[in-house]
Every structure is written in C-alpha cells, then in structure tokens.
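Read in order, the letters of the sequence shown are residues 40 to 336 in our numbering.
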Amino acid sequence: MDIGFDLNYLYPDAKHSIESGHSFTGSYVINNEQRDVGVITGSSITRHYGEEGLPEDTIFVYTEGHAGQSLAAYAPKGLTIHHTGDANDYVGKGLSGGTVIVKAPNVKRENEIIVGNVNFYGASKGKAYINGKAEERFCIRNSGADVVVEGIGDHELEYMTGGHVIILRDVGKNFGQGMSGGVSYIFPSDVERFKKVNVLETLEFSDVCHEEEKTLIREMLEAHYKYTHSTKAQKLLDQFESVEQFVVKVIPKDYKLMMQKIDLQKRKIEREDEATLAAFYDDRKNIEKELQPAVIY
C-alpha cells in the first residue's frame with residue numbers, strides 16, 4: 040500500500056478537491072502492478088461525506104493501460120474511473136455508488152476478453168460499462184449496481200439479489216444459478232437457443248413489451264455508448280424500434296411475485312415496512328391480471 044498508485048499519485052492530486060467538494064479530473068497511465076486503483080481515493084470520499092458521497096462524476100479519473108486487480112473496487116458515489124485498455128480480476132468489487140468504465144483500446148478488442156474474473160462481486164449500487172467480454176463469475180452477489188457488458192464467461196449472475204445487468208452478447212455455462220433478485224436483459228446471438236440452454240425452474244425468460252423497460256434499456260445503452268463508443272450499443276440503438284426481437288428478459292420468479300405483492304399492499308397500506316410484512320404473509324402463487332400487477336424491471 041505504501042508504494043501504491045493511489046497514495047503516491049491519485050489521492051494526493053485529488054485530495055484538495057475531495058475535501059472542498061470541487062470537481063477534479065486527472066489522467067494517468069497504469070500497469071498491472073498497480074492494484075486497487077481508486078480504493079484509497081474512494082475511501083477518502085466516504086470518510087468525508089459518508090454514504091451519500093459526492094455528486095456523480097465529481098472526481099473523474101481517466102486511466103489507460105493494463106490495469107491490475109480490483110480496479111475501482113468499493114468506489115463510492117462521486118468517483119468515476121474511466122479506463123481505456125484492459126483490466127485484471129475484481130473490477131468494481133463491492134461497487135458502492137461510483138461509476139466504472141472499461142473501454143476497449145480499439146474496435147477489435149470489443150470482441151475479446153477485456154476484464155478478468157469476479158467483476159462486481161458484492162456490488163451494492165453504482166454504474167458500470169464494460170466495452171468487451173468479461174471472464175467468469177460476473178456480478179456474483181450484485182445487489183443493486185446497473186451494469187452493461189458485451190459478453191460473459193461461466194457462472195455469471197450467481198446469487199444476484201438486485202440491480203440490472205445488460206449483456207450484449209452470449210453467456211457462458213451455469214447462468215443465473217441462485218439468482219434471487221434483480222433483472223438481466225440478454226442480447227444473445229440466438230434468442231431461442233439461449234432460452235433452451237439456460238432454462239432454470241427458478242427463472243422466468245420473457246419478452247420485453249413494456250415501455251418502462253424499453254426506456255431503462257435505452258438509457259443504459261445510451262450511457263454505454265456515450266462512455267465507450269461501443270459498436271454493439273450503437274447498432275442496437277439504431278434499430279431500437281424493434282429491440283424486443285433481440286432481447287430476453289431474465290427475472291427470478293419468486294422475486295417478481297414478491298415485488299408485485301408488495302406493490303399491491305402499498306396501494307392499501309401507507310407505511311412501506313407494514314406493506315412489505317403484509318406481502319410476506321400473502322400466500323398467493325400468482326397475481327390475477329384483473330388486479331393489474333406492477334411491471335417489475
């Protein structure tokens with residue numbers, strides 16, 4: 040830690056801006072010996088401002104090269120790390136409100152592995168845009184981060200409990216095991232094959248037909264393109280009027296049902312905690328269409 044990148048470069052450069060709450064922009068070249076880029080800087084934001092952090096993009100850090108492990112781990116709100124190049128394992132581990140971008144250095148690399156294993160493990164909130172493929176165990180235990188990635192390896196979205204993950208290509212083996220919350224939107228090369236190969240009793244695969252969902256997807260794709268100039272995102276945005284032909288919505292069945300029950304109870308009960316408790320004791324196995332159940336997305 041004493042010879043780390045943050046303590047010697049990033050944190051000293053950004054320290055005054057963090058303490059004053061003013062904006063900071065810095066550009067750096069890093070290599071894979073420099074691990075935990077952004078961690079010390081992010082901890083300073085949290086120490087000064089607590090869970091609320093700073094306004095989005097207050098501390099904006101551009102890096103390029105071959106990032107070491109744990110790029111932007113635990114990044115809080117107000118810290119954005121925009122990396123051009125590739126990165127090792129644990130990108131965005133424990134992401135806590137910040138923004139992480141990994142942009143491919145050229146168009147060819149968009150179709151290759153750009154980040155390593157176990158990215159966004161335990162992320163609780165924040166945003167991320169990965170302009171290429173990720174290796175195995177992507178977004179395990181994600182509970183609230185919104186992430187766009189352009190392909191993933193095996194064991195993805197295991198034990199995910201919240202957030203949104205858009206995948207702009209195919210997935211690997213063992214998809215969604217133990218996923219109990221959150222929503223994923225997959226753009227596979229073959230929609231029907233994706234549904235057949237990845238079927239699980241616990242997950243619902245469905246079409247995207249509600250405007251609320253289409254708006255969410257469009258906004259995430261637009262942000263992905265803004266930060267990375269992704270050719271895949273651009274192509275989808277160009278033909279967004281027919282987006283439902285290319286995407287599969289994945290949502291845990293029990294999560295969807297419980298969220299709809301909570302919504303129904305909120306229509307009758309003002310206090311959220313009491314409505315949630317009432318939904319817990321509601322033993323219905325489905326919600327009748329006549330009740331106009333909420334769209335969960």
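The C-beta atom is built at its ideal place from N, Cα and C for all residues, glycine as well. Being a predicted model, the structure only gives us computed values, none of them experimental.
Asked	Found
Looking at C-beta atoms only, is the number of pairs between the segment 263-275 and the segment 300-315 that lie closer than 8 angstroms three or more?	no
Here's the rule: buried if 16 or more other CB atoms are within 10 angstroms of the residue's CB, otherwise exposed. What is LYS300?	buried
Can you find the residues in the same chain that come closer than 6 angstroms, C-beta to C-beta, to GLU175, ignoring five residues on each side of it along the sequence?	ASN156, GLY192, ASP193, HIS194
Going by beta carbon distance, what residues of the same chain come within less than 6 angstroms of ALA53, once the five residues before and after it are set aside?	PHE63, THR80, ILE98
Looking at the ligand GTP, does it come within less than 7 angstroms of GLY192, judged from the CB to the closest heavy atom?	As for the ligand GTP, it is missing from this structure, which has no ligand bound.
Look at the alpha carbon of ALA167 and the alpha carbon of VAL139, and state the distance between them as a whole number of angstroms.	5 angstroms
Output the distance between the C-alpha atoms of GLY43 and ARG257, rounded to the nearest integer angstrom.	38 angstroms
Using 8 angstroms for Cβ pairs, my map puts GLU95 next to GLY117. What's the rounded Cβ distance?	7 angstroms
In terms of residues, what are the limits of the beta strand (DSSP E) holding ALA348?	This structure cannot speak to residue 348, because the chain is shown only from 40 to 336.
Between VAL100 and GLY89, what straight-line distance do the alpha-carbon atoms span, to the nearest angstrom?	20 angstroms
Measuring alpha carbon to alpha carbon, tell me which of MET218, THR119, GLY124 ends up nearest LEU134.	THR119
Taking HIS121 as part of the beta strand (DSSP E), name the residues at either end of that continuous run.	118-126
Return the CA-CA distance between ARG260 and LYS288, expressed in angstroms with no decimal places.	Residue 260 is actually Leu in this sequence, not Arg. The alpha-carbon atoms of LEU260 and LYS288 are separated by roughly 15 angstroms.
Are there 16 or more other CB atoms within 10 angstroms of the CB of VAL141, so buried, or fewer, so exposed?	buried
Can you list, in chain order, the residues of its chain whose CB lies under 8 angstroms from that of LEU242, leaving out five sequence neighbours each side?	GLY215, MET218, VAL289, ILE290, PRO291, LYS292
Can you list, in chain order, the residues of its chain with a C-beta nearer than 7 angstroms to that of GLN304? Leave out the 5 residues immediately preceding and following it.	ALA314, ALA317, ALA318
Do GLY104 and ASN150 count as a contact pair if the criterion is CB distance below 8 angstroms?	no
What is the C-beta distance between SER182 and GLY201, in whole angstroms, given that I count them as a contact (C-beta under 8 angstroms)?	4 angstroms
How many angstroms separate the CA atom of LYS235 from the CA atom of ASP229?	10 angstroms
Can you list, in chain order, the residues of its chain whose CB lies under 6 angstroms from that of ALA173, leaving out five sequence neighbours each side?	VAL154, ASN158, VAL188, ILE191
Let me confirm a value: GLN73 is counted as buried when at least 16 other C-beta atoms fall within 10 Å, else exposed. Which label applies?	buried
Taking the C-alpha atoms as reference points, what is the distance between VAL186 and HIS203?	6 angstroms
Output the distance between the C-alpha atoms of PHE177 and ASN213, rounded to the nearest integer angstrom.	11 angstroms
Looking at the secondary structure, which residues open and close the alpha helix (DSSP H) in which THR102 lies?	Careful: THR102 lies outside any alpha helix (DSSP H), inside the beta strand (DSSP E) at 98-106.
Using the three-state DSSP reduction, which class does TYR48 fall into: helix, strand or coil?	helix
Which residues share a DSSP beta bridge with TYR67?	THR102
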